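If you're matching positions, the sequence shown starts at 371 in my numbering and goes up one per residue. As structure tokens, the structure follows; a few thoughts come after it.
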Amino acid sequence: MGAISLVGLSGGSHPFGFGTQGRGAHLFASTTCSVGQLAQLVRIVEREGLSIAQEFFAYGDVEKGYDALRAGRINGRGVVDFSL
Numbered sequence: 371m372g373a374i375s376l377v378g379l380s381g382g383s384h385p386f387g388f389g390t391q392g393r394g395a396h397l398f399a400s401t402t403c404s405v406g407q408l409a410q411l412v413r414i415v416e417r418e419g420l421s422i423a424q425e426f427f428a429y430g431d432v433e434k435g436y437d438a439l440r441a442g443r444i445n446g447r448g449v450v451d452f453s454l
């Protein structure tokens, strides 16, 4: 099981079909940037850090989380935390 992400705008091919990948493997591609742009982004994050806004919801408050998501009130990522 796992994920394979092909990053960049390069050409090429990958055999895809029944029996060509392991069970539970996900193959996806990202063409939002070149490999050079990705390397530049990695250097910026290493130098300046990366902060991801997160809002936590207890399992019993999942509906409140969905309401906030539908209303556009979540900035970043909504996380259900089973320990709350």
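Glycine included, each C-beta is placed from N, C-alpha and C at the ideal position. Nothing here was measured: the structure is a model prediction, and the numbers come from that model.
Residue interval of the alpha helix (DSSP H) (run including residue i)
| i | result |
| --- | --- |
| A438 | V432 to R440 |
| G406 | V405 to E418 |
Residue i and residue j closer than 8 Å at C-beta
| i | j | result |
| --- | --- | --- |
| G448 | E418 | no |
| F452 | Y436 | no |
Option nearest residue i by Cα separation, candidates the options
| i | options | result |
| --- | --- | --- |
| A423 | G394, F452 and R443 | R443 |
| F427 | V415, V450 and Q407 | V450 |
| L454 | S421, V405, D431 and L439 | D431 |
Where the beta strand (DSSP E) through residue i begins and ends
| i | result |
| --- | --- |
| A428 | Q424 to A428 |
| G462 | No statement about residue 462 is possible, as the shown extent of the chain runs from 371 to 454 and does not include it. |
| R443 | R443 -> no beta strand (DSSP E), and no H or E assigned at all. |
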